[in-house]
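Working notes, beginning with the structure itself.
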Amino acid sequence: MKYYTILIILVLLNACQSSDSPSYYFDTAKQDSLVVQMIAYIGPNASQATDSTRLNPEFKSEYAKSLPNYQLVKLVKNKEGKYFYFMIRPVANLLQYRRGVIGSFLLDEKSGKILSFKEEVNTPHLKEDVVKERGEFLFREYVTNGNLNEYLAMKDYVEWPDSSLKYNEHLNRWVIPNGKF
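For the sequence shown, this note's numbering begins at 7 and goes up steadily by one.
Written out as structure tokens, the structure reads:
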């Protein structure tokens with residue numbers, strides 16, 4: 007009887023978690039591991055890394071030091087196994103501002119390693135509460151529609167992509183289109 011009571015409580019607690027919460031999919035340790043991998047894609051390169059080596063395992067500990075500055079706010083997995091994310095990250099040395107990143111990735115469920123990664127949009131530099139509000143809106147739209155094309159002109163919500171920067175999925179970096187300034 008005691009076993010069934012505990013089982014029911016655990017099921018109810020799990021049911022109370024929002025399906026767009028990272029904790030719905032991963033425990034804290036796995037979330038941290040995932041975010042460290044995401045930092046390698048989203049953040050600045052580790053001190054000795056280049057764009058072509060930044061994802062190498064030897065830089066993981068340096069990215070892990072940045073973990074407290076990044077927040078995985080929302081996460082949803084679709085039927086095909088693609089994860090959609092909303093992350094809040096630092097903005098260079100501007101401590102009063104943050105930036106939202108909305109995108110998607112594929113994950114090797116056994117190893118926990120990211121197989122492919124994409125940033126769909128970045129928000130402008132904003133105060134964290136504004137980033138959270140606007141980012142959650144964009145995240146919901148991205149999960150629902152699969153793209154954010156209709157919001158790209160809303161410069162209060164989306165800074166990139168724009169005419170000056172596009173996301174290159176092969177390089178996993180924002181680049182100047184056609185190498186033009």
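Even glycine gets a Cβ: it sits at the ideal position worked out from N, Cα and C.
Give every residue of the same chain whose Cβ lies closer than 7 angstroms to the Cβ of residue i, excluding the five residues on either side of it in the sequence, and list them in chain order.
i, result
"L61", "A46"
"L16", "For L16, the pLDDT reaches just 44, beneath the cut-off of 50, and the residue's location in the model is therefore unreliable, leaving the point undetermined."
"Y163", "T129, R140, L144, Y157"
"V137", "I94, R104, R105, G106, T129"
"H131", "V97, L100, Y103, R105"
"D38", "L73"
Please confirm whether residue i has its beta-carbon closer than 9 angstroms to some beta-carbon of chain B.
i, result
"K66", "Among the chains of the structure shown, chain B does not appear; only one protein chain is present."
Suppose the cutoff is 8 angstroms on Cβ atoms and the five residues either side in sequence are ignored; what does the same chain contact list for residue i look like?
i, result
"N153", "E126"
"E142", "V79, K80, F92"
Closest to residue i by CA distance: which of the options is it?
i, options, result
"K66", "P50, V79, L78", "P50"
"V82", "K172, N75, I108, T34", "I108"
"D135", "Y30, Q77, S53, E64", "Q77"
"S27", "Y69, K80, P74, W180", "K80"
"S58", "I182, P183, H176, N75", "H176"
In the DSSP assignment, what residue or residues form a beta bridge with residue i?
i, result
"E96", "According to the sequence provided, residue 96 is Pro. The question's Glu does not apply to it. Bridge partners of P96: R104."
"G109", "Y91, E125"
By Cβ distance, which residues of its chain are closer than 6 angstroms to residue i, with the 5 residues on each side in sequence left out?
i, result
"F32", "none"
Spell out a yes or no on whether the stretch 88-97 and the stretch 39-57 are touching, meaning 3 or more CB-CB pairs, one atom from each, closer than 8 angstroms.
Segments in contact, yes.
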